[in-house]
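Numbering (our numbering), first residue to last: 2 to 132.
From the three backbone atoms N, C-alpha and C, an ideal C-beta is built for every residue, glycine too.
Read the structure below first, then the notes.
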Amino acid sequence: MANQRTIYRCLGVPDMIADQSKSAAAALLLARAAGLDVSADPNVSRLSKLSLYDASQIISRALELLAAGDLDAVVVRFDYRDDDWYVSQLTRHTKLEVYEQGEACARALLERLRTYVIAHPFEDGTGRPFS
């Protein structure tokens, strides 16, 4: 649950939205952050549908990786691997309609996740965790 909350919050999805709507809102916000074509009405454009689908696949994969501990280095800001490695982890084993869109979403998600963690520290300047 904390992993979902972290992903949703880093994308700007408010906690008060119903659970069934959070993933759709997160996919829309991630697709926009990645600069993908997302119209206000996804029923209008096939490309919008594909963009939202790819964004939702990246979010699902990120939740899996966070739960497995594979994105811990990003969350604790100890990045000994480059972004390309994390992008490959996010896009691997993921059914994407357009790979480039998935890659753009993965990069946008990593950027948002890092920005969120920096803006919301979990320890003070001496390294002691907040209670």
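Inset, instruction - Select from Gln58, Glu98, Tyr9 and Asp71 the residue whose C-alpha is nearest the C-alpha of Trp86. - result: Asp71
Inset, instruction - Pick helix, strand or coil for Val99, following the three-state DSSP scheme. - result: coil
Legend entry - Separation of Leu37 from Gln5, as counted between CA atoms: 23 angstroms
Legend entry - Contained alpha helix (DSSP H) runs [length at least 4] in the stretch 34-87, N- to C-terminal order: 47-69 and 73-76
Legend entry - Exposure of Ala59, with buried meaning 16 or more beta-carbon neighbours within 10 Å: Note that residue 59 is Ile in the sequence shown here, rather than Ala. Ile59 is buried by the Cβ-count criterion.
Legend entry - Own chain residues within Cβ distance below 8 angstroms of Ile8, not counting five before or after: Ala27, Ile60, Ala63, Leu64, Leu67, Leu110 and Leu114
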